[in-house]
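Working notes for the structure below.
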Amino acid sequence: MKLLFVGDVMLGRLVNEVLKGKPPTYPWGDTLSLLRDTDVRICNLECVLSDWGTPWSATPKVFHFRSDAKNVQTLTTAHIDAVSLANNHVLDFEYEGLFHMMNTLQEAGIHYAGAGATLREASAPAIWSVNGKTIGLLAFTDNEPAWSATDEQPGVWYVPIELHEKRAEQLFEVVRKTKEDVDILVVSAHWGPNWGYDPPAEHLPFAHALIDAGADVIFGHSGHVIRGIEIYKDKPILYCAGDFIDDYAVDEIERND
113 MKLLFVGDVM
123 LGRLVNEVLK
133 GKPPTYPWGD
143 TLSLLRDTDV
153 RICNLECVLS
163 DWGTPWSATP
173 KVFHFRSDAK
183 NVQTLTTAHI
193 DAVSLANNHV
203 LDFEYEGLFH
213 MMNTLQEAGI
223 HYAGAGATLR
233 EASAPAIWSV
243 NGKTIGLLAF
253 TDNEPAWSAT
263 DEQPGVWYVP
273 IELHEKRAEQ
283 LFEVVRKTKE
293 DVDILVVSAH
303 WGPNWGYDPP
313 AEHLPFAHAL
323 IDAGADVIFG
333 HSGHVIRGIE
343 IYKDKPILYC
353 AGDFIDDYAV
363 DEIERND
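Per the working numbering, residue 113 is the first one in the sequence shown, and the count goes up by one each step.
Right under this line is the structure:
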């Protein structure tokens, strides 16, 4: 069983403009054959995939990323199986944009986790079968606490990176319960700062605790650079998979290209 993780996929701004005149396969370049020649493909969708909504204004925000809903074809053409929606851009165009994106993904047959109309939905796993194996995906973020989903408010699954904090303990319990129903459990974590090659110190014991609770793979992202990969109890921890598709400026020192 081959699983492929591609970090942040941001299809907004200049990428969105380019896709108005290019085929949906264009952003993947010569990696498309690699994407197609694997069993499971998961990415973090770092934008709103919707034609609806207005820019988020309830709390200060500098960047608002949106891509036309039709660009879901860019995901399907690469056979992306599932995306994480637990990040700091899925509400860039308010709840209307989020709900339209969720519907768009569902219609395209792409699974998602990490955001929803309630905390129960946001913390629910995406589960599907591949080659006789059941795959599970859970997704959380330590970004944008104002976007935290509740019993009555849509949003993302927000979890502070503090081992004994109540929300962290709830995450570990969901991991334990989900693992009972799946063969391979991926936990997606949109966490940490944008820069710096070393994983924050608190990420290491937190990732270990996720593995101890039942996760088979930790798929970290959020930073613009690739951070360390650790094998813990024979299971991989990708502390940060970096960016894969975007239009960001390139830092001359950290080289996020």
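Beta carbons: idealized from backbone N, C-alpha and C, even for Gly.
Nearest-angstrom beta carbon gap, residue j and residue i [assumed within contact, 8 Å]
i      : j      : result
Asn156 : Ser260 : Contact flag wrong, Cβ pair sits at about 18 Å.
Gly209 : Trp240 : Their Cβ separation, rounded to whole angstroms, is 25 Å, which puts Gly209 and Trp240 out of contact at 8 Å.
Gly340 : Pro311 : 6 Å
Ser230 : Asp263 : Looking at the sequence provided, one finds Thr at residue 230 rather than Ser. Yes, they are in contact, since the Cβ atoms of Thr230 and Asp263 sit about 6 Å apart, within 8 Å.
Among the options, the one whose alpha carbon lies nearest that of residue i
i      : options                           : result
Ala371 : Pro272, Ile247 and Glu274         : The displayed coordinates of the chain run from 113 to 369. Any statement about residue 371 would go beyond what the structure contains.
Ala321 : Gly119, Arg232, Leu231 and Val286 : Val286
Arg125 : Leu197, Asp295, Asn183 and Leu115 : Asn183
Leu161 : His336, Arg178, Asp151 and Arg232 : Arg178
Ile349 : Ile338, Cys159 and Ile357         : Ile338
Asp151 : Ala194, Ala170, Asn128 and Leu131 : Ala194
Arg279 : Asp254, Val298, Pro266 and Asp295 : Asp254
Tyr344 : His336, Val362 and Asp324         : Asp324
Glu256 : Glu277, Asn200 and Arg232         : Asn200
Gly221 : Gln185, Ile357 and Leu249         : Gln185
Val202 : Ala190, His191 and Ala234         : Ala234
Alpha-carbon spacing of residue i relative to residue j, whole angstroms
i      : j      : result
Met122 : Asp180 : 12 Å
Pro272 : Ser334 : 14 Å
Gly133 : Leu146 : 24 Å
Gly354 : Gly226 : 19 Å
Glu292 : Tyr270 : 23 Å
Phe331 : Glu342 : 11 Å
Pro305 : His336 : 9 Å
Asp142 : Gln282 : 41 Å
Asn243 : Lys114 : 11 Å
Pro317 : Ala251 : 18 Å
Secondary structure of residue i, DSSP reduced to three states
i      : result
Ala344 : The residue you asked about is not Ala; residue 344 is Tyr in the sequence shown. Strand at Tyr344.
Asn183 : helix
Arg279 : helix
Phe284 : helix
Ala261 : coil
Val294 : coil
Val121 : strand
Leu249 : strand
Val127 : helix
Trp269 : coil
Bounding residues of the alpha helix (DSSP H) (the contiguous stretch that carries residue i)
i      : result
Arg148 : Leu144 to Arg148
Arg367 : Premise fails: Arg367 is in no alpha helix (DSSP H) and is neither H nor E.
Asn215 : Glu206 to Ala220
His320 : His315 to Ala325
Leu231 : Leu231 to Ala234
Where the beta strand (DSSP E) containing residue i begins and where it ends
i      : result
Pro156 : Pro is not the amino acid found at residue 156; the sequence shown has Asn there. Unbroken beta strand (DSSP E) run through Asn156: Val152 to Leu157.
Leu197 : Here Leu197 belongs to no beta strand (DSSP E), and DSSP marks it neither H nor E.
Phe356 : Asp355 to Ile357
Leu189 : A small correction: the amino acid at residue 189 is Thr; Leu does not occupy that position in the sequence shown. First-last for Thr189: undefined, no H or E at that position.
Phe175 : Segment: none, Phe175 is in no beta strand (DSSP E) and carries neither H nor E.
Trp168 : Neither: Trp168 is in no beta strand (DSSP E) and is coded neither H nor E.
Val329 : Val329 to His333
Ser162 : From DSSP, Ser162 is part of no beta strand (DSSP E); its letter is neither H nor E.
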